[in-house]
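From first to last, the protein sequence lines are chains A and B.
Be aware that the first sequence starts at 1, since it is given in the numbering used here, and climbs by one per residue.
Be aware that the second sequence starts at 1001, since it is given in the numbering used here, and climbs by one per residue.
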Amino acid sequence: MKIVLYGILRSIAGVKEFSSGAVSLPALLEELAADFGERMGKYLYEEDNVESLTVVLNGRVVPRSRKKETRLGESDIVELLSPIGGG
Amino acid sequence: MTISGEILRYDLGRESYEFVDWLEEDRQKNGSVSLRRLMGGIGFAFEEFIQDGPCTDPSTRFVINTGFLTGLPRNGVPSGCTRTYVSFYSSTKEKNGQYGISYAAAGGLAGPHIKSCGIDGVVLEGKSKDPVGIMIDASGEEKEAGLLEMDPGMTTMETVNSCFDAGYKGSVVVGPAGFRGVRFSSVMVSYMPNDHVRAAARGGPGLALGGMNVKAVGFKGGKNLTPQPRDPDPDFKEWMKGLNKELASGSGTEKYKRHGTWGGNWAYLVPLKALPANNFSDLDPEDAYKLDPEHLREKGFTISQKGCACPIMCWKIPKDPQGKTLWKMDYENVDLLGPNCGVYDIYTLSSAIEMCDAQGIDAMSTGGVIGWYFEHNKRAGKGPTFGDGKALLELVEQIANREGIGELLSEGVKKASEELGDEDIAMQVKGLEGAGYPFWSNLGYAFALRGACHTSLGTYTIGLANPDGVASAQWWADEIAKAVPSSMICQMNGSCYFTRKVIVPELPKLVKNLLGTSATKEDIQESSMQTFIIARMIDNRNGFDSTDDVMPARSFRRSTTPELLDETRKLVYEKLGLDDGGKVGAGTLDRYGMAEFSRFL
Chain A
1 MKIVLYGILR SIAGVKEFSS GAVSLPALLE ELAADFGERM GKYLYEEDNV ESLTVVLNGR
61 VVPRSRKKET RLGESDIVEL LSPIGGG
Chain B
1001 MTISGEILRY DLGRESYEFV DWLEEDRQKN GSVSLRRLMG GIGFAFEEFI QDGPCTDPST
1061 RFVINTGFLT GLPRNGVPSG CTRTYVSFYS STKEKNGQYG ISYAAAGGLA GPHIKSCGID
1121 GVVLEGKSKD PVGIMIDASG EEKEAGLLEM DPGMTTMETV NSCFDAGYKG SVVVGPAGFR
1181 GVRFSSVMVS YMPNDHVRAA ARGGPGLALG GMNVKAVGFK GGKNLTPQPR DPDPDFKEWM
1241 KGLNKELASG SGTEKYKRHG TWGGNWAYLV PLKALPANNF SDLDPEDAYK LDPEHLREKG
1301 FTISQKGCAC PIMCWKIPKD PQGKTLWKMD YENVDLLGPN CGVYDIYTLS SAIEMCDAQG
1361 IDAMSTGGVI GWYFEHNKRA GKGPTFGDGK ALLELVEQIA NREGIGELLS EGVKKASEEL
1421 GDEDIAMQVK GLEGAGYPFW SNLGYAFALR GACHTSLGTY TIGLANPDGV ASAQWWADEI
1481 AKAVPSSMIC QMNGSCYFTR KVIVPELPKL VKNLLGTSAT KEDIQESSMQ TFIIARMIDN
1541 RNGFDSTDDV MPARSFRRST TPELLDETRK LVYEKLGLDD GGKVGAGTLD RYGMAEFSRF
1601 L
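So this is what it looks like as structure tokens:
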């Protein structure tokens, strides 16, 4: 599965995209936290940014209410975005 | 306390002024001082307008003030809190010749300099006979306020620099456009000499202040006049260090520092196919990458904000591979003058934004009205249309000078479309041109105090991120009712909007230690709701009601429909305690503990 990062997530990870075999969205986020350094883990979990992340699965936004139950497959493309809020 | 409790009241018609102990004034009038007035910003300012009759002239009253957190870290407040607020009758928010209330705010250093004069702000009324600067000098034994004749034709930067030359370190200025009658004229707030000015732009504060014949308000502080917390608790001082560290390097502000609002929003809205382009008609512009800061960096541009002391650094300055420095870029200005007008050339945008800043017009509204005009021309099959960068620059100039078609466009998109037609694509709410987010993703615009403004009712990103929720009136009503107080509170404490994730949760502690009064999260929430209700009362008095809580036809896409808005409206009114017509009644006042305001109903 292809994972594409944008904005602050891309800056923290230092990569634009990577491959993952995670079977669910929560598992993918845990993998992201584990594989891309302490800062990523802190950003996602300690600083409480998981809820505000926007997840686009195969071109469609995953509603916040369904993030926890979203299953992922091998051919999926997941885009992870962080809203900036204002401008 | 970090407020002085004094305010300058200046009657320009009578050329008289008084430094007033407003805390004592409030105690005498009401028996106590409300939390909203203590916190400041619009919480203080709107109450200054409540006793006015119906407003038929936006230049009736104007308030420039600060919040209790406005200042510099050495004054005992958190870093990044330099907000200056302006509150005024809005020239864009007109109904049948009457004007509703609005506000605008900006960072810069004017706010801390207002505080260094030993005042929390300035309340202006009446009109000066000639164009003047109101120069407030607290450097001597007595505070004084004098009038200085000023040339209304000076650009905003020239005006700021002339204030600096005269020793006034902070200033709030109006550009030439505010004296020519451009409805969406801005006021600009100073930072340092020869530095970029900061725009408090939305809703026409420049026309309101320019209409009073005020070109600038300058501030020269005195020694030790900035209010400071008295003997702060050592634990609190230590806690404040941690807060400042979080503001400087925590995740709440990190994304602004790294990407700015421009890069951050590009990285969010482009993948979501939600970046407004071609007058909000095309939300998936194929040329968007040309203005992506990442793409520009790959082409050899540097995009940074070197030399700025602000810990947030929300705007960025591009420098091209040849070393040419461009004008400062914020997301809204880049999108609305760029993709929204079909223009993707960074140099054209830099010139357009610089011209808006220099002339003192709101770059967001300017982009909104030109985007609409381009589409109007496209429909008519004549005149310049999307993608014409040369025409964009000419139109900005014509609007600022009110020449040619610019005279009509300077009235804003609502008036221009009433005159020329195509109101269905005039992307405004209550006369204010939209911010750079799709209208369908924010039904909150209909209820936002100043119109189609994302910070006035910040439900736009949750709309984008919840495509299922977007179809439910109950979901929208719940989100809007939550967003009203949280949007208001950001305008009534002095901190930057972009620090809200860090500052707002800590307000009870900050209020206790810096204002010396106890306030729970619920008390603060109630104060912000009271501020909204006061504004709504002023608007009701000026004829605004449920018929104005509407959105233009193009807003209705996907699951966002007129019927959904109608249903949401009813639920929002119920939740906020307004009557079916969107008006504040005695019941509303009881609900928010504001019975003393019933005399203004």
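Ideal Cβ positions, reconstructed from N, Cα and C, are used throughout, including at glycine.
Remember, predicted model here, so these are calculated numbers, not experimental data.
Does any C-beta atom of chain B lie closer than 8 angstroms to the C-beta of residue i?
i, result
"serine 82(A)", "yes"
"isoleucine 3(A)", "no"
"tyrosine 45(A)", "no"
"glycine 41(A)", "no"
"valine 61(A)", "yes"
Would you mind giving the Cβ-Cβ distance between residue i and residue j, rounded to the nearest angstrom? I have them listed as a contact below 8 angstroms.
i, j, result
"glycine 1581(B)", "serine 1546(B)", "5 angstroms"
"glycine 1067(B)", "isoleucine 1312(B)", "Not confirmed; about 16 angstroms, so no contact."
"glycine 1071(B)", "valine 1063(B)", "Not confirmed; about 19 angstroms, so no contact."
"leucine 1008(B)", "isoleucine 1101(B)", "So it is not a contact: roughly 21 angstroms between Cβ atoms."
"lysine 67(A)", "leucine 9(A)", "Their Cβ separation, rounded to whole angstroms, is 15 angstroms, which puts lysine 67(A) and leucine 9(A) out of contact at 8 angstroms."
"glycine 1389(B)", "threonine 1348(B)", "4 angstroms"
"leucine 28(A)", "leucine 53(A)", "At roughly 11 angstroms, the Cβ-Cβ gap does not stay under 8 angstroms, so leucine 28(A) and leucine 53(A) are not in contact."
"isoleucine 1480(B)", "glycine 1444(B)", "5 angstroms"
"valine 1187(B)", "valine 1086(B)", "6 angstroms"
"lysine 1220(B)", "threonine 1159(B)", "Not confirmed; about 16 angstroms, so no contact."
"glycine 1133(B)", "methionine 1150(B)", "5 angstroms"
"serine 1091(B)", "leucine 1243(B)", "Going by Cβ atoms, the distance from serine 1091(B) to leucine 1243(B) rounds to 38 angstroms, so no, they are not a contact pair."
Hey, is residue i's beta-carbon within less than 8 angstroms of any beta-carbon in chain A?
i, result
"glutamate 1142(B)", "no"
"proline 1285(B)", "no"
"alanine 1110(B)", "no"
"lysine 1482(B)", "no"
"glycine 1469(B)", "yes"
"serine 1251(B)", "yes"
"threonine 1461(B)", "yes"
"asparagine 1401(B)", "no"
"glycine 1264(B)", "yes"
Identify the contact partners of residue i in chain B, using a Cβ-Cβ distance below 7 angstroms as the criterion.
i, result
"glutamate 79(A)", "Pro1271"
"arginine 64(A)", "Ala1465 and Asn1466"
"glycine 14(A)", "Simply none; closest approach about 12 angstroms."
Could you tell me which residues DSSP pairs with residue i in its beta bridges?
i, result
"proline 1318(B)", "Ile1303(B)"
"lysine 1220(B)", "Asp1137(B)"
"arginine 1198(B)", "Val1189(B)"
"threonine 1561(B)", "Answer is none; threonine 1561(B) lacks a bridge partner."
"isoleucine 1503(B)", "Answer is none; isoleucine 1503(B) lacks a bridge partner."
"glycine 1170(B)", "Phe1219(B)"
"serine 19(A)", "Lys2(A)"
"valine 1063(B)", "Ser1087(B) and Val1123(B)"
"glycine 1146(B)", "Met1135(B)"
"glutamate 1567(B)", "Partner(s): none; glutamate 1567(B) has no beta bridge."
"leucine 81(A)", "Thr54(A)"
"isoleucine 1101(B)", "Tyr1089(B)"
"alanine 1040(B)", "Looking at the sequence itself, residue 1040(B) is glycine, so the reference to alanine does not match. Gly1067(B), per the DSSP bridge assignment."
"glutamine 1228(B)", "Answer by DSSP bridge pairing: none, since glutamine 1228(B) is not bridged."
"glutamine 1428(B)", "Glu1433(B)"
"serine 1016(B)", "Asp1011(B)"
"aspartate 1021(B)", "Glu1006(B)"
"glutamate 24(A)", "Reading the sequence as shown, one finds serine at residue 24(A) and not glutamate. DSSP, once it has assigned bridges, lists Arg71(A) as partnering serine 24(A)."
"aspartate 1130(B)", "Aspartate 1130(B) is not bridged to any residue."
So residue i contacts chain B; which residues on that side make the cut at Cβ distance below 9 angstroms?
i, result
"valine 56(A)", "Pro1271 and Leu1272"
"serine 20(A)", "Ordered by position in chain B, no residue passes the 9 angstroms Cβ test against serine 20(A), which lies about 18 angstroms from the chain."
"valine 50(A)", "Ordered by position in chain B, no residue passes the 9 angstroms Cβ test against valine 50(A), which lies about 12 angstroms from the chain."
What residues from chain A crowd round residue i, counting only those whose CB sits closer than 9 angstroms?
i, result
"histidine 949(B)", "Here chain B comprises residues numbered 1001 to 1601, so residue 949(B) is not present and cannot be evaluated."
Quick one: list the residues of chain E neighbouring residue i, beta-carbon separation under 8 angstroms, in chain order.
i, result
"tyrosine 1289(B)", "Of the protein chains in the structure, A and B, none is chain E."
Name the chain A residues whose beta carbon is nearer than 7 angstroms to that of residue i?
i, result
"glutamate 1254(B)", "Ile8"
Which bits of chain A does residue i rub up against, with CB to CB less than 8 angstroms?
i, result
"tyrosine 1268(B)", "Tyr6, Gly7, Thr54, Leu81, Ser82, Pro83 and Ile84"
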